[in-house]
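The numbers in the sequence shown follow this note's numbering, run straight up by one, and end at 252.
A virtual CB, placed ideally from N, CA and C, is assigned to each residue, including glycine.
None of these values were measured; they are calculated from a predicted model.
Heads up, the thing below is written out as structure tokens.
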Amino acid sequence: MRQKIIAGNWKMNNDKEETKSLINSLKSISFSKDVKVMIAPSYIHLSDAAEMLKDHKIDVLAQNMHFLNNGAYTGEISPQMLKSIGISKVILGHSERRIYYNETENSLKQKIKAAIESNFEIIFCFGEQLSDRKKGKHFDLIKNQLKIPLFHLESNSWKRIILAYEPVWAIGTGETATPNQVQEMHSFIRGLIKQNYNDDLANRISILYGGSVKSKNSKEIFSQDDVDGGLIGGASLDFSEFVKIIESI
Ligand code: PEP
């Protein structure tokens, strides 16, 4: 049985009061025990979030991290710093980090390695641009986005990996991939894991979909065979919308 996961990526949103208020609202809900709920507040509020959710089953994620534990890297946050405030889960490879901060397959390989060495759980994001899909290159592109950062890992390290397929053209645009497009890509991804590792590992990996998921489309997307949950951006900032999405899985 694969773990079902709904993760909210709050990006650069919510000040201190808004962060606390949304966390308190989420704490008041009892979600099904079959679904793992995670939230990724901004860096500056991670400590508050970790403290508020210390004895709660909602997990807190960082939205990014450096691959070194310390050094002259102004503005960066290290695995060790996150660990010291009780955070051991991180999103890596989000398309906004790739686009605006030039993250590449090679820099992500370093981050994944560091995250695994520090015993982090990782939501690894990847996805094609619309132009890649229009040229029919989306499957090759996804294969390359996974190959360099992940396919050198030993199978044991994969228990720390959650995959999140996020077509760039569907992020924050209101444009969702159709359930068929999502299933087609998720099944392709599971197939790649089978080829590079084995059936058992492929059948254990949770693969999330992200890209304009809302309560009105979540049920259909989550009902696809190879979809194990969602990485939710905009809709995770709205308490009742996020709860409806969690309840739809
Ligand atoms: C995301 O940024 O990971 C995301 C899926 O955003 P949205 O849900 O707003 O498209």
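The ligand PEP heavy atom lying under 7 angstroms from the CB of residue i
i: residue 216; result: yes
i: residue 3; result: The structure shown does not extend to residue 3, since the chain spans only 4 to 252, so no value can be given for it.
i: residue 43; result: no
i: residue 54; result: no
i: residue 72; result: no
i: residue 149; result: no
i: residue 169; result: yes
i: residue 205; result: no
i: residue 232; result: no
Residue i to residue j span [Cα, whole Å]
i: residue 166; j: residue 229; result: 12 angstroms
i: residue 80; j: residue 39; result: 25 angstroms
i: residue 70; j: residue 98; result: 18 angstroms
i: residue 163; j: residue 242; result: 28 angstroms
i: residue 11; j: residue 212; result: 12 angstroms
i: residue 227; j: residue 9; result: 15 angstroms
Nonlocal neighbours in the same chain, by C-beta distance under 7 angstroms from residue i, ignoring five residues either side
i: residue 59; result: 30
i: residue 26; result: 52, 55 and 56
i: residue 33; result: none
i: residue 100; result: 67 and 106
Three-state secondary structure (DSSP) of residue i
i: residue 63; result: strand
i: residue 16; result: coil
i: residue 124; result: strand
i: residue 57; result: coil
i: residue 232; result: strand
i: residue 164; result: strand
i: residue 41; result: strand
Where residue i falls, given that 16 or more other Cβ within 10 Å makes a residue buried
i: residue 67; result: buried
i: residue 158; result: exposed
i: residue 148; result: buried
i: residue 179; result: buried
i: residue 169; result: buried
i: residue 177; result: exposed
i: residue 189; result: buried
i: residue 77; result: exposed
i: residue 7; result: buried
Beta-carbon contacts of residue i that lie in its chain and below 6 angstroms, excluding the five residues immediately before and after
i: residue 92; result: 62, 64 and 124
Same chain, Cβ closer than 8 angstroms to residue i, five either side skipped, listed in chain order
i: residue 175; result: 215, 236 and 237
i: residue 5; result: 206, 207, 208, 209 and 231
i: residue 192; result: 145, 149, 166, 168, 210 and 229
i: residue 200; result: 158 and 161
Distance cut-off 7 angstroms: residue i Cβ against heavy atoms of the ligand NAD
i: residue 67; result: Absence of the ligand NAD from the depicted structure is noted, with the ligand PEP being the only ligands included.
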